[in-house]
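Residue numbers (our numbering): 1 to 623.
Even for Gly, the Cβ is constructed at its ideal location relative to N, Cα and C.
Shown next, in structure tokens, is the structure this report addresses.
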Amino acid sequence: MEKKRILIGSPIQQFPNILEEFLQSLTELTVKNEQVHYMFIEDNKDPLSSTLLSNFEKENHHTVIVKHIDDDVYIRDELTHYWTERNIWKVAQMKDTIISYALKKGFDYLFLIDSDIVLHPNTLQQLIQADKDIISNIYWTRWQPDSIELPQVWLMDQYSLTREGATESAENQSFLEMLRKPGVYEVGGLGACTLIRREVLEAGVSFKRISNLSFWGEDRHFCVRAVAMGFSLHVDTHLPGYHIYRQADLAGVNNYRKKNGIAIRKSNHPGISLCMIVKNEEDALERCLSTAADLVDEIIIVDTGSIDRTKEIASKYGSTIYDFEWIDDFSAARNFAFSKATCPYILWLDADDVILEHDRQLFRELKHTLHLGIDSVTMNYNLSVDSNGNVAYSIRRNRLVKRDRGFRWIGPVHEYLEVNGNIINSDISITHHKQKEYTDRNLQIYRRRDAKGEDFSPRDLYYYANELRDNQYYEEAITFYTKFLNTQQGWAEDNINACLKMASCYSHLYERQNVLSSLYRTFNYDRPRAEACCQIGAFHVDEKNWPLAIFWYDLATKVERPAEKLAHIDHVSWTWLPHLQLCLCYSQLGDNEKSRHHNDIAYSYNPTHPSVLFNKRYFESLG
Numbered sequence: 001m002e003k004k005r006i007l008i009g010s011p012i013q014q015f016p017n018i019l020e021e022f023l024q025s026l027t028e029l030t031v032k033n034e035q036v037h038y039m040f041i042e043d044n045k046d047p048l049s050s051t052l053l054s055n056f057e058k059e060n061h062h063t064v065i066v067k068h069i070d071d072d073v074y075i076r077d078e079l080t081h082y083w084t085e086r087n088i089w090k091v092a093q094m095k096d097t098i099i100s101y102a103l104k105k106g107f108d109y110l111f112l113i114d115s116d117i118v119l120h121p122n123t124l125q126q127l128i129q130a131d132k133d134i135i136s137n138i139y140w141t142r143w144q145p146d147s148i149e150l151p152q153v154w155l156m157d158q159y160s161l162t163r164e165g166a167t168e169s170a171e172n173q174s175f176l177e178m179l180r181k182p183g184v185y186e187v188g189g190l191g192a193c194t195l196i197r198r199e200v201l202e203a204g205v206s207f208k209r210i211s212n213l214s215f216w217g218e219d220r221h222f223c224v225r226a227v228a229m230g231f232s233l234h235v236d237t238h239l240p241g242y243h244i245y246r247q248a249d250l251a252g253v254n255n256y257r258k259k260n261g262i263a264i265r266k267s268n269h270p271g272i273s274l275c276m277i278v279k280n281e282e283d284a285l286e287r288c289l290s291t292a293a294d295l296v297d298e299i300i301i302v303d304t305g306s307i308d309r310t311k312e313i314a315s316k317y318g319s320t321i322y323d324f325e326w327i328d329d330f331s332a333a334r335n336f337a338f339s340k341a342t343c344p345y346i347l348w349l350d351a352d353d354v355i356l357e358h359d360r361q362l363f364r365e366l367k368h369t370l371h372l373g374i375d376s377v378t379m380n381y382n383l384s385v386d387s388n389g390n391v392a393y394s395i396r397r398n399r400l401v402k403r404d405r406g407f408r409w410i411g412p413v414h415e416y417l418e419v420n421g422n423i424i425n426s427d428i429s430i431t432h433h434k435q436k437e438y439t440d441r442n443l444q445i446y447r448r449r450d451a452k453g454e455d456f457s458p459r460d461l462y463y464y465a466n467e468l469r470d471n472q473y474y475e476e477a478i479t480f481y482t483k484f485l486n487t488q489q490g491w492a493e494d495n496i497n498a499c500l501k502m503a504s505c506y507s508h509l510y511e512r513q514n515v516l517s518s519l520y521r522t523f524n525y526d527r528p529r530a531e532a533c534c535q536i537g538a539f540h541v542d543e544k545n546w547p548l549a550i551f552w553y554d555l556a557t558k559v560e561r562p563a564e565k566l567a568h569i570d571h572v573s574w575t576w577l578p579h580l581q582l583c584l585c586y587s588q589l590g591d592n593e594k595s596r597h598h599n600d601i602a603y604s605y606n607p608t609h610p611s612v613l614f615n616k617r618y619f620e621s622l623g
């Protein structure tokens, strides 16, 4: 018997992690008396997606990839997909290109499928067995996150699940209940996962727009044209596919595979264990895990004495939970958590951290390039944002580390992870969303250690001073900042920050000259930083010494950012603040032209700041 030839075709502009699941699903399709070819119209914006297609082509014979890359943007987020007219008819053109290729090469069937669907391995055989001209394999989607699941097939019009004249709610329910039962049913519209016989293609079906039809979407125009030509449309519901409509839906792929007896796909990338220590975090933990759980392969939760719903919430996300008796030592708890990890890499977070969607995408991309030659990956730690959501203050942390390097946490309080080797700096950010009220817990740990006569390392001296300052013990804080700096063993970034914080302590004590000397002291450890320049400028503004204030604020706009990747950055001082203050200073000197110039620059950084807007309106009133 001559083998039937099937072309599997798909237009592709897809996220790498979703595309990877789709391509794996295609390779798992059962083939009996058929010869399967592939044709992909590539419109990827992410180079990782292009690489995945290229690798698929190398590993699967009879694969054709046609480039169709332009500047058209297709926007998707965790809410929905945002189609434009240009998006739709570009996809229609791509599908028609695939139809033309199928006709030219004499394929018996064309299987058109969207690149965000995972199929049961027997799908192709089931659709062929149904023996229909045009038949879609069903899948179900929540088109909005809080809506019910609906199918990608319908009865008539745009997307109506009822026939004309029917009672809508009753017929809707009846139609949906029918589709939940295994069978083959006639429908009025379909798409995204469709097997089409050659006879249909030869008759001239296409996705081209019908000029006098107002329906939205190329699949509607295909369906109307096909029915007008005399072909019926069917759906097969025996083996529903799984639709990865949102990034969050990736978390359900393995469940779909398990439910259908399909082997869990082995990742080509090293697994990641998320390790966390928690106590009474019921208000924050779910928010954290909801942004991180689908990015990792294992979750280790070490609980240090919760009496709320923390463990219950952790269990919802499949966490492995351990109890650890609290001994006033954060490093001990974190090292215990690390000891329970089983994956090649360890990610650590606190319960009040989140990974925002942009950073989730960057994290997924990192997983595709992560290899065992990397010992640690640093990530930004965004500690505060302004009213516009722009990062105001950030630091860098070694956030993802190779487990078998045995890196250890050091220090009972304000612990740090001692890391060395091949370290890469990523653009990923972890965002801190602290909601708990501030406590003096850390200060009391230091107090108890001090009372026992423990020797403090230079780092301990610095963080003890920080806790004293944060709790308004300014004179004590100055004492410990001085002890820290006098060791001459501190990290340069901590030295600079100790001087800046010591200046704020002197300010609270109204010792103005010591404020200035502390700020100048930062220059002993590196080139001038914008933070110090802005604070010196503020000192001279208080003195109404406008020329000197201008000198320091102007310097703040010109100094280079620190080369040290793990440096603390007050983004306000490096962006809009010095320009806003230069606007004030030049205004006081009567130079409206320069004043306006600097306010315009401040506006470019922070267009909603009240002072910037006030100044803008003032200058506009001058004409």
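Could you have a look at Tyr345 and say whether DSSP puts it in helix, strand or coil? To locate residue 345, count along the sequence shown from 1; it is residue 345. Reduced to three states, the DSSP call for Tyr345 is strand.
message: Measuring only the C-alpha atoms, how far is Val224 from Gln158?
response: As a working note, residue 224 is residue 224 in the sequence shown. As a working note, residue 158 is residue 158 in the sequence shown. Spanning the two alpha carbons is a distance of roughly 11 Å.
Q) With burial defined as no fewer than 16 other Cβ atoms inside 10 Å of the residue's Cβ, what is the status of Tyr510: buried or exposed? A) Here residue 510 refers to the residue found at position 510 when the sequence shown is read from its first residue. By the neighbour-count criterion, in which 16 or more other beta carbons inside 10 Å mark a residue as buried, Tyr510 falls on the exposed side.
Fill in: From Asn87, Val64 and Arg596, residue whose alpha carbon lies closest to that of Asp71
For the purposes of this step, residue 71 is identified with residue 71 of the sequence shown, where counting begins at 1. Closest by alpha carbon: Asn87.
Put Leu190 into one of helix, strand or coil per three-state DSSP. Along the sequence shown, one-based indexing puts residue 190 at 190. Taken through DSSP and simplified to helix, strand or coil, Leu190 comes out as coil.
Looking at His432 and Asp382, is the spacing between their C-beta atoms short of 8 Å?
Here residue 382 refers to the residue found at position 382 of the sequence shown. Here residue 432 refers to the residue found at position 432 of the sequence shown. Checking the sequence, you will find Asn at residue 382 rather than Asp. Yes; because the gap between Cβ atoms is below 8 Å, this pair is in contact.
According to DSSP, simplified to helix, strand and coil, what is Gln489?
Counted from its first residue, the sequence shown places residue 489 at position 489. Three-state result, Gln489: coil.
Does the region 42-61 come close enough to the region 118-137 that 3 or more CB-CB pairs lie under 8 Å?
Touching, no.
Exercise. Let me know the secondary structure DSSP gives Ile374 once reduced to three states.
Key: Walking along the sequence shown from the start, residue 374 turns up at place 374. Looking at Ile374 - three-state DSSP - the assignment turns out to be coil, as it is neither helix nor strand.
### Message
Please classify Ser211 as buried or exposed, where buried requires at least 16 other C-beta atoms within 10 Å of its C-beta.
### Response
Locating residue 211 in the sequence shown gives position 211, where the first residue counts as 1. The C-beta of Ser211 has fewer than 16 other C-beta atoms within 10 Å across all chains shown, which makes the residue exposed.
Going by Cα to Cα distance, which pick from Asp455, Lys3, His61 and Asn615 is closest to Leu582?
Indexing the sequence shown from 1 puts residue 582 at position 582. Nearest of Asp455, Lys3, His61 and Asn615 to Leu582, Cα basis: Asn615.
Report task. Could you tell me the distance, in whole angstroms, from the CA atom of Ser504 to the CA atom of Val515? Result -> As a working note, residue 504 is residue 504 in the sequence shown. As a working note, residue 515 is residue 515 in the sequence shown. Near 7 Å, if we compare the C-alpha coordinates of Val515 and Ser504.
Starting from His568, trace the alpha helix (DSSP H) in both directions and tell me its first and last residue. Your numbering for residue 568 matches position 568 in the sequence shown. Judged by DSSP secondary structure, His568 falls outside any alpha helix (DSSP H); it is assigned neither H nor E.
Quick check on DSSP: helix, strand or coil for Thr114? Here the question's residue 114 lines up with position 114 in the sequence shown. Note that residue 114 is Asp in the sequence shown here, rather than Thr. Looking at Asp114 - three-state DSSP - the assignment turns out to be coil, as it is neither helix nor strand.
Please determine if the region 275-292 and the region 354-370 are in contact, where contact requires at least 3 C-beta pairs separated by less than 8 Å. yes
Closest to Ser319 by C-alpha separation, out of Val296, Tyr242 and Phe330, would be which residue?
The sequence position of residue 319 within the sequence shown is 319, counting from 1. The shortest C-alpha separation from Ser319 is found at Val296.
- Taking the Cβ atom as the reference point for each residue, do Leu519 and Gln535 lie within a distance shorter than 8 Å? Counted from its first residue, the sequence shown places residue 519 at position 519. Counted from its first residue, the sequence shown places residue 535 at position 535. Yes, these two residues count as a Cβ contact at 8 Å.
Threshold first: 4 residues or longer. Then list the alpha helix (DSSP H) segments lying entirely within the region 190-222, N to C. 198-203
Delimiting residues of the alpha helix (DSSP H) encompassing Ala530: Stepping through the sequence shown from its first residue, residue 530 is reached at position 530. That run of the alpha helix (DSSP H) goes Ala530 to Asp542.
Inset, instruction - Report yes if the C-beta of Ala293 is less than 7 Å from at least one heavy atom of the ligand PLP; otherwise report no. - result: In the structure shown, the ligand PLP is absent, as is every other ligand, since no ligand is present at all.
- Message: Based on DSSP bridge pairs, tell me the residues matched to Val296.
- Response: As a position in the sequence shown, residue 296 is number 296, starting the count at 1. BP columns for Val296 are empty, so no partner.
### Query
Hey, which unbroken runs of the alpha helix (DSSP H) at 4 residues or more fall wholly within the region 446-476?
458-470
Legend entry - Cα-Cα separation between Val64 and Ile430, rounded to whole angstroms: Counting from one through the sequence shown, the residue named residue 64 turns up at place 64. Counting from one through the sequence shown, the residue named residue 430 turns up at place 430. When rounded, the distance between both Cα atoms is 40 Å.
Between which two residues does the beta strand (DSSP E) carrying Pro11 extend? Here residue 11 is taken as the residue at index 11 of the sequence shown, counted from 1. Residues Lys4 to Ile12.
Checklist entry - Going by DSSP, which residues form a beta bridge with Pro151? => result On the sequence shown, position 151 is the one that residue 151 refers to. DSSP output for Pro151 lists Trp140 as bridge partner(s).
Practice prompt. Can you say whether Leu79 is buried or exposed, counting buried as having 16 or more other CB atoms within 10 angstroms of its CB?
Written response: Locating residue 79 in the sequence shown gives position 79, counting from the first residue. Classification for Leu79: exposed.
Look at Ile8 and Ile99 and say whether their C-beta atoms are less than 8 Å apart.
As a position in the sequence shown, residue 8 is number 8, starting the count at 1. As a position in the sequence shown, residue 99 is number 99, starting the count at 1. The answer is no: Cβ separation not under 8 Å.
**Q.** Bridge partner(s) assigned by DSSP for Cys499
**A.** In the sequence shown, residue 499 corresponds to position 499, counting from 1. Looking at the DSSP assignment, Cys499 forms no beta bridge with any residue, so it has no partner.
- prompt: Three-state secondary structure (DSSP) at Pro240?
  reply: Within the sequence shown, the letter at position 240 stands for residue 240. Of the three classes helix, strand and coil, the one that applies to Pro240 here is strand, per DSSP.
Considering only the alpha carbon of each residue, which of Tyr345, Ser517, Gln361 and Trp574 lies closest to His371?
Sequence index remark: in the sequence shown, residue 371 carries index 371 (1-based). Ranking the options by Cα distance to His371, first place goes to Tyr345.
Margin query: Using only the alpha-carbon positions, how far apart do Ile134 and Pro240 sit?
Written below: On the sequence shown, residue 134 is found 134 positions in, with the first residue counted as 1. On the sequence shown, residue 240 is found 240 positions in, with the first residue counted as 1. Rounded to whole angstroms, the separation of the alpha carbons of Pro240 and Ile134 is 17 Å.
Review point. Along the chain, which unbroken stretches of the alpha helix (DSSP H) at least 4 residues long are found entirely within the region 54-128?
Key: 85-104
| said: With H, G and I counted as helix, E and B as strand and the rest as coil, what does DSSP make of Asp43? | reply: Taking the first residue of the sequence shown as 1, we reach residue 43 at position 43. Three-state result, Asp43: coil.
(request) Determine the direct distance from the alpha carbon of Phe407 to that of Tyr586, and round the result to whole angstroms. (result) The residue labelled residue 586 in the question sits at position 586 within the sequence shown. The residue labelled residue 407 in the question sits at position 407 within the sequence shown. So the two alpha carbons sit approximately 52 Å from each other.
| query | Would a C-beta distance cut-off of 8 Å place Glu620 and Ser573 closer than the cut-off? | reply | Here residue 620 refers to the residue found at position 620 of the sequence shown. Here residue 573 refers to the residue found at position 573 of the sequence shown. The answer is no: Cβ separation not under 8 Å.
What does the alpha-carbon distance come out to for the pair Val153 and Phe363? Here the question's residue 153 lines up with position 153 in the sequence shown. Here the question's residue 363 lines up with position 363 in the sequence shown. Going from the Cα of Val153 to the Cα of Phe363 covers about 34 Å.
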